[in-house]
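Presented below is the structure to which this report refers.
Numbering (the working numbering), first residue to last: 41 to 102.
See the structure below:
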């Protein structure tokens with residue numbers, strides 16, 4: 041979120057870095073909850089873009 045906000049041609053979407061970090065944390069938690077609720081036990085797709093798969097230290101890459 042922070043990188044995309046910095047690259048935005050229309051200006052900053054967040055008031056400050058702290059606002060963007062809080063929004064990113066809320067979205068990350070919501071995405072994890074949604075995946076766990078709706079797709080529990082289903083393997084991640086190839087080229088998965090979830091936080092765990094797109095983070096360098098992912099335990100179980102896509």
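Backbone N, C-alpha and C define an ideal beta-carbon position, used for all residues, glycine too. In this text the structure is predicted, and so the values were computed from the model without any measurement.
Same chain only: Cβ atoms within 7 Å of residue i, ignoring 5 sequence neighbours per side
i, result
"residue 71", "90 and 91"
"residue 98", "Caution applies to residue 98, whose pLDDT of 48 falls short of 50 and renders its modelled position unreliable; the model cannot decide the point."
Coarse secondary structure for residue i, derived from DSSP in three states
i, result
"residue 64", "helix"
"residue 88", "coil"
"residue 80", "coil"
"residue 56", "coil"
Limits of the unbroken alpha helix (DSSP H) element including residue i
i, result
"residue 91", "91-94"
Residues of its chain near residue i, where Cβ-Cβ distance is below 6 Å and the 5 sequence neighbours each way are ignored
i, result
"residue 100", "Caution is warranted here: a pLDDT of 46 is assigned to residue 100, below 50, making its placement in the model unreliable, and the coordinate value is therefore given only provisionally. Cβ neighbours of residue 100 beyond the five flanking positions: none."
Close-in-space but distant-in-sequence residues of the same chain around residue i (CB under 8 Å, 5 per side omitted)
i, result
"residue 68", "91"
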